[in-house]
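Here's the structure we're looking at; comments come further down.
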């Protein structure tokens with residue numbers, strides 16, 4: 534058996550048109566919930582993953598589910614860039630960008646890193662208000678609320 538990341542990636546590729554909740558993935562691979570989250574973040578660095586409220590293909594429950602990003606007409610990098618352009622002057626943490634774009638956090642982190650044009654700073658997120666590493670256009674210049 535390979536690593537959890539390799540196993541989860543292979544499973545998601547095998548079931549490319551389905552989404553799964555973390556609980557079912559944890560049982561499928563005999564992992565802790567933290568290990569599943571960690572594996573999904575790593576998989577998201579390799580392939581584009583969605584993360585949205587939907588029905589799990591295994592248990593049928595409505596939950597936060599993850600799966601391969603269906604072929605959008607825009608890449609995650611383009612979607613993140615457009616998000617930044619639409620929200621110029623606002624700062625967002627990776628988690629809030631992921632929620633807004635329905636992307637896995639690993640996919641968001643890779644998209645931001647690939648853009649390299651986005652500014653990064655430690656400031657409050659415009660969405661959740663938490664002091665975190667945030668990204669956005671002109672993130673170095675934080676304007677007062």
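In the working numbering, the protein residues as written are 534 to 678.
Positions of the beta carbon are idealized from the N, C-alpha and C atoms, including for glycine.
If you're wondering where the values come from, they're calculated on a predicted model, not measured in any experiment.
What does DSSP give as the partner residue(s) for residue i in the beta ladder?
{"i": "residue 625", "result": "668"}
{"i": "residue 598", "result": "554, 585"}
Given a cut-off of 8 Å, decide if residue j and residue i are closer than it, judged by their beta-carbon atoms.
{"i": "residue 598", "j": "residue 585", "result": "yes"}
{"i": "residue 542", "j": "residue 569", "result": "no"}
{"i": "residue 646", "j": "residue 624", "result": "no"}
{"i": "residue 648", "j": "residue 613", "result": "yes"}
{"i": "residue 601", "j": "residue 545", "result": "yes"}
Since residue i and residue j should fall inside the 8 Å C-beta cutoff, what is the C-beta to C-beta distance between them, to a whole number of angstroms?
{"i": "residue 583", "j": "residue 552", "result": "7 Å"}
{"i": "residue 617", "j": "residue 634", "result": "In fact, because the Cβ distance is near 11 Å, the residues do not count as touching under 8 Å."}
{"i": "residue 641", "j": "residue 654", "result": "Actually they are not in contact, since the Cβ atoms of residue 641 and residue 654 sit about 17 Å apart, beyond 8 Å."}
Self-check item: Every unbroken alpha helix (DSSP H) inside the stretch 635-669 [4 residues or more]
Solution: 638-648
Quiz item: At a cut of 8 Å, does the stretch 653-670 reach the stretch 620-638 through at least three beta carbon pairs?
Solution: yes
Self-check item: Segment contact, 8 Å Cβ cut-off, at least three pairs: the stretch 562-581 with the stretch 534-553
Solution: yes
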